[in-house]
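Residue numbers (our numbering), protein chains in the order written: chain A, -1 to 525; chain B, 8 to 129.
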């Protein structure tokens, strides 16, 4: 479990637990056009990159190609280049505050490529020079001509190198090339037969290795997290700082009265349910007792390949809106809006439902951000950040009353379904098509629409691949700190070994909850 | 509450300077002067400010509060005396469609002037 008490120090380049490289599909196409030649010979070029440093993963985000000029490289079956070309490219990278990557092709290659002795010698010989000029490690990338997939490594200035775990190309289809040695293909399970038959063994192997973070584990996030685990994804993270309360039980399917009575963390419940649902042979489900708005939560998110946003507050959504572009981590976002008639005209708790609308979309370079598609109002971010949305005095002063935040379990499932559909479209790309764009469904008319939003010219949010130079919207989160502190206090007050429950449910309720929890485990079959 | 990085604060002050407005840091507030261009106090210079804490997300997100001396009053407002200068109040005022602003500092000045159009002097 990740908590803010863990060391906050970010991993230094090459000291990180894992390394990776990422680029947009636009840059990938540009590089491929140069490196995959009609005459079948190898070619090479340089590109600049920015680092993106997570809690455990360091990623080089490729930004700009530096193509060879006349006389700077020769193609002769293999390819070679002059020292001047390296110096020019390194100086350009340094001028921009960026690192340098040397890229070359293996025209007949397929999948993750190893280095020939010649490849290794070439990259090694320039590693120190490049690091001296740019202050960042040299990256080496190889493009396999057959599958158009990338392999990558990072070089220390002492001439040693470390392989990356993966490379990802972010576009309508998120294409991740895995280093099978560092992240082996998961063994297929009998419990996954139907899933694998839907998209094949290779896709299952690719999707199952993705690290997917679910931010917000309420009605929608809890459902999404379980289904990702059931799909066979080995590493699903659940991030939330909140606890289960009685008012959540009409929507958090799988959470029990005992969870609410004990005031358990939503992530603890999510972890339990993900472990029960997991079909992988080696599930590695992780809970992050944090807000994505906290520096530790933000750092943890940078370790993932895809984020599914199941939060509705402006501040966390703003943080994710930056991360999707700056760090090339696609964010699948969505939500529901329930429109009611005025209660005062009818009486009682609500005036009746007028309509419900749910939307989902993928945030990534090439798609408009949440501000441009009108799902995030920047002016509300500072209101949320200061805790004003929960401040009774402030709310009274507005004269509008607190927002009602209606939700219904039966409809929350539709949001989950739409988010998961976007996730599958993004990662599996049926018929080669990727995610579909901004989807909206209106309940009272039954209309399902694809909305064609476009980016605002000069949008300051869609600043792609800037990594650690992103505008940092994370900061101390008073509500998250209070929630953890209150929970810790309750745990301390409770006798060891007993549930720290302020209210103990009736024995028959507890028995029913336990049976509900135990049944899936007893019925679960493993080979 | 987060304290804004000096980069964000400098960026805000620099942006105002580009618009011909000189801003300075006074404790927890960046203050500057504008001339009300409409309403009951039209033509009068008015000191105003922005909380440094709120500049943490500048220019992606605008500040929420407009800081003004308590001699500047409104018929309807949601004020707070927290995190501002002695003898000042901050007023809750939201800027809509912030992302369409080509120049954030210019847009902020326009927002302040629009708010001041409703102001009177105590």
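All residues carry an ideal CB built from backbone N, CA and C; glycine is no exception.
Remember, it's a predicted structure, so these values are computed and weren't measured experimentally.
- Straight-line spacing of the CA atoms in residue 298 of chain A and residue 54 of chain B works out to 43 Å.
- Interface residue (Cβ-Cβ distance to chain A less than 8 Å): residue 113 of chain B is not classified as such.
- A Cβ-Cβ distance of about 37 Å is found for the pair residue 320 of chain A and residue 187 of chain A, leaving them out of contact under the 8 Å criterion.
- Taking one beta carbon from each stretch, the segment 186 to 204 of chain A and the segment 50 to 70 of chain A have fewer than 3 pairs nearer than 8 Å; the two do not touch.
- When Cβ-Cβ separations below 8 Å define contact, residue 109 of chain B makes contact with chain A.
- For residue 285 of chain A, the enclosing beta strand (DSSP E) covers residues 284 to 286.
- Taking the C-beta atoms as reference points, residue 14 of chain A is found no nearer than 8 Å to residue 71 of chain A.
- Contact with chain B is found for residue 370 of chain A, since one of that chain's Cβ atoms lies less than 8 Å from the residue's Cβ.
- Listed in chain order, the positions of the segment 63 to 91 of chain B with a beta carbon within less than 7 Å of a beta carbon of chain A are 63, 64, 66, 67, 68, 69, 70, 71, 85.
- Residues of the segment 471 to 496 of chain A that bring their beta carbon within less than 9 Å of a beta carbon in chain B comprise 471, 472, 473, 474, 476, in sequence order.
- For residue 366 of chain A, no chain B residue has a Cβ inside 7 Å of its Cβ, as the nearest lies near 11 Å away.
- With respect to residue 215 of chain A, residue 223 of chain A sits close: the two C-beta atoms are nearer than 8 Å.
- If you look at residue 50 of chain A, you'll find it in the beta strand (DSSP E) that goes 42 to 51.
- Contacts with chain A (Cβ-Cβ distance below 7 Å) from the segment 33 to 58 of chain B involve no residue at all.
- Its Cα nearest to that of residue 124 of chain A, the residue A/79 stands out among A/162, A/142, A/79, A/96.
- Annotation: the continuous beta strand (DSSP E) that includes residue 440 of chain A extends over 436 to 440.
- In this structure residue 317 of chain A does not touch residue 420 of chain A by the C-beta definition: roughly 20 Å separates them, more than the 8 Å allowed.
- Contact check for residue 144 of chain A against residue 198 of chain A fails: the beta carbons are separated by 8 Å or more.
- With a contact defined as Cβ atoms closer than 8 Å, residue 291 of chain A and residue 475 of chain A qualify at about 5 Å.
- Between residue 412 of chain A and residue 221 of chain A, the gap from beta carbon to beta carbon reaches 8 Å or more.
- By the CB criterion at 8 Å, residue 80 of chain B and residue 100 of chain B fall outside the cutoff.
- Taking the beta carbon of residue 102 of chain B as reference, the chain A residues within 9 Å of it are 376, 377, listed in sequence order.
- Neighbours of residue 452 of chain A across chain B, judged by C-beta separation under 8 Å, do not exist; the nearest C-beta is about 13 Å away.
- Judged by their CB atoms, residue 359 of chain A and residue 282 of chain A are not nearer to each other than the 8 Å cut-off.
- Secondary structure at residue 180 of chain A: coil, using DSSP grouped into helix, strand and coil.
- Under the Cβ distance rule, residue 95 of chain B does not count among the residues neighbouring chain A, no pair being separated by less than 8 Å.
- Against chain B, a Cβ distance below 9 Å from residue 315 of chain A picks out nothing, because the smallest value is about 11 Å.
- The C-beta of residue 98 of chain B comes no closer than 8 Å to any C-beta of chain A.
- Contact of residue 352 of chain A with chain B is not assigned, every C-beta pair being separated by 8 Å or more.
- Contacts with chain A (Cβ-Cβ distance below 7 Å) from the segment 19 to 34 of chain B involve no residue at all.
- By the neighbour-count criterion, in which a residue is buried when 16 or more other Cβ atoms sit within 10 angstroms of its Cβ, residue 473 of chain A is buried.
- Counting only the Cα atoms, residue 92 of chain A lies some 9 Å from residue 134 of chain A.
- A Cβ-Cβ distance of about 29 Å is found for the pair residue 246 of chain A and residue 71 of chain B, leaving them out of contact under the 8 Å criterion.
- CA-to-CA, the gap between residue 445 of chain A and residue 352 of chain A works out to about 15 Å.
- According to DSSP, residue pairing for residue 72 of chain A in a beta bridge involves A/78.
- Taking a Cβ-Cβ cut-off of 7 Å, residue 129 of chain A has no neighbours in chain B, whose nearest Cβ is about 26 Å from it.
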